[in-house]
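As structure tokens, the structure follows; a few thoughts come after it.
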Amino acid sequence: MKLATWNVNSLAVRLPQVLDWLVANPVDVLVLQETKLIDDKFPRAEIEAAGYRVQWHGQKTYNGVALLSRSEATDIVKNIPGHDDPQARVITGTVEGVRVVGGYMPNGQAPGTDKFEYKMQWFRALRDWLREEIALHPRLVLMGDFNVAPEDRDVHDPEAWRGQILCTDEERGQFRNLIGLGLHDAFRLFEQPQKSWSWWDYRNLAFRRNQGLRIDHILVSNALRDAVSACTIDKLPRKNERPSDHAPVVATLEIDR
DNA sequence: ATGTCACCTGGTAGGTGA
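Take the position in the first sequence, starting the count at 1, then add 85; the result is the number in the numbering used here.
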């Protein structure tokens, strides 16, 4: 079973690239972030024509998430139960016995801002809910744009980024709190190339200079850890003519289907 | 280099968010 996450930065713009990518990478599950579409505008027909079932949770202008799967996803949940939030950031469903949580975690803007405090509250709510969700569904995958670079090795220039948004101790603490629930960063279960990033700013020729951060992650629960046989970042779509600023991350799980 | 991209409002640009 292959699962992937991709922040597409507007599905209206990136839909052709998503469909092309799925032809070349026929994963079983793909979660998308920053669809930036109200639900009425979601391109359901195009995605179904490509051979995928799809669930989505959107809003006007910002955020928005989707869950694409070869086989039907059941028990769909949108956002974090019990956490009142006008922003569309989470979609969850069960696919072939795996509980898949796709998330677009808040960016947080800068430490000390209201948006940063919202990010902290949001991560606390996510952790509290996931603790219960993992108990109910031991085979669980949490993946998406976490907007956190967990360690210095996930940052092209750790000294320049120290204390900056995506790299603060508080954000890294929130990431570790999730790991503390019994989740594992699939990417770090394997030896990886140095300077592996999943996001490069559109500015400053950052991609050409490989100045990026690893902020898109696939976390697997204890029950799935030994099933993970690979996890890679696919930089190819970042080389497209009109790319998202994020690259897809893909994990392979050796489980019965 | 405050350097790009996407979206909005409300227009033939400016603001917001990332």
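Built from N, CA and C at the ideal position, the CB exists for glycine as well. A quick note: this is a predicted structure, and the numbers were derived from the prediction, not measured.
Alpha carbons only, please: which of Cys252, Asp286, Pro328 is nearest the one belonging to Gly193? Cys252
Output yes or no for whether 8 Å exceeds the beta carbon distance between Val305 and His331. no
Cβ-Cβ distance between Ala151 and Gln140 below 8 Å: yes
Segment contact flag, the region 279-291 with the region 316-324, C-beta cutoff 8 Å, min 3 pairs: yes
Nearest-angstrom beta carbon gap, Ala210 and His142 [assumed within contact, 8 Å]: Actually they are not in contact, since the Cβ atoms of His142 and Ala210 sit about 16 Å apart, beyond 8 Å.
Is the beta carbon of Phe201 less than 8 Å from the beta carbon of Ile300? Between Phe201 and Ile300, the gap from beta carbon to beta carbon reaches 8 Å or more.
In terms of alpha-carbon separation, which member of Glu181, Leu266, Ile176 lies closest to Glu217? Leu266
Here's a check: name, in chain order, each residue in its chain whose Cβ is nearer than 6 Å to the Cβ of Thr346, leaving out the five neighbours to either side. Only positions 86 to 342 of the chain appear in this structure, which leaves residue 346 out of reach.
For the candidate residues Asn92, Ala135, Val93, whose alpha-carbon lies nearest to that of Ala109? Ala135
Cα-Cα separation, Met190 to Arg138: 24 Å
Have a look at the DSSP bridge pairing and note the partners of Met228. Gly187, Ile303
Proximity to Arg184 [Cα-Cα], best of Asn148, Asn307, Arg261: Of Asn148, Asn307, Arg261, the residue nearest in Cα terms is Asn307.
Identify the continuous beta strand (DSSP E) that holds Lys87 and give its terminal residues. 87-92
With DSSP as the reference, label Asp270 as helix, strand or coil. strand
Starting from the C-beta of Ile165, find all residues in its chain whose C-beta is less than 7 Å away, skip the five residues before and the five after it, and write them out in chain order. Val175, Ala210, Leu211, Trp214
Taking buried to mean at least 16 other C-beta atoms within 10 Å of its own C-beta, is Phe275 buried or exposed? exposed
Could you give the distance in angstroms between the alpha-carbon of Trp106 and the alpha-carbon of Ile161? 25 Å
Would you identify the three-state DSSP class for Ile340, choosing helix, strand or coil? coil
Distance check for Asn289 and Leu221, CA to CA, integer angstroms please. Their backbone Cα atoms lie some 45 Å apart in a straight line.
Euclidean distance between Cα positions of Pro333 and Asp113: The C-alpha of Pro333 lies about 14 Å from the C-alpha of Asp113.
Backbone CA spacing between Glu181 and Ala158 [nearest angstrom]: 8 Å
I'd like to confirm the pairing. Which residues does DSSP put opposite Gly297 in its beta bridges? Trp285
By DSSP, does Arg247 sit in helix, in strand, or in coil? coil
What separation, rounded to the nearest whole angstrom, lies between the Cα atoms of Gln249 and Leu263? 21 Å
Hey, out of Ser329, Glu255, Gly187, Leu227, whose CA is closest to Gln206's CA? For Gln206, the closest alpha carbon among the candidates Ser329, Glu255, Gly187, Leu227 is that of Glu255.
Of all the options Thr317, Asp319, Pro243, Leu309, which has the alpha carbon lying nearest to the alpha carbon of Asp341? Of Thr317, Asp319, Pro243, Leu309, the smallest CA-CA separation from Asp341 is found for Leu309.
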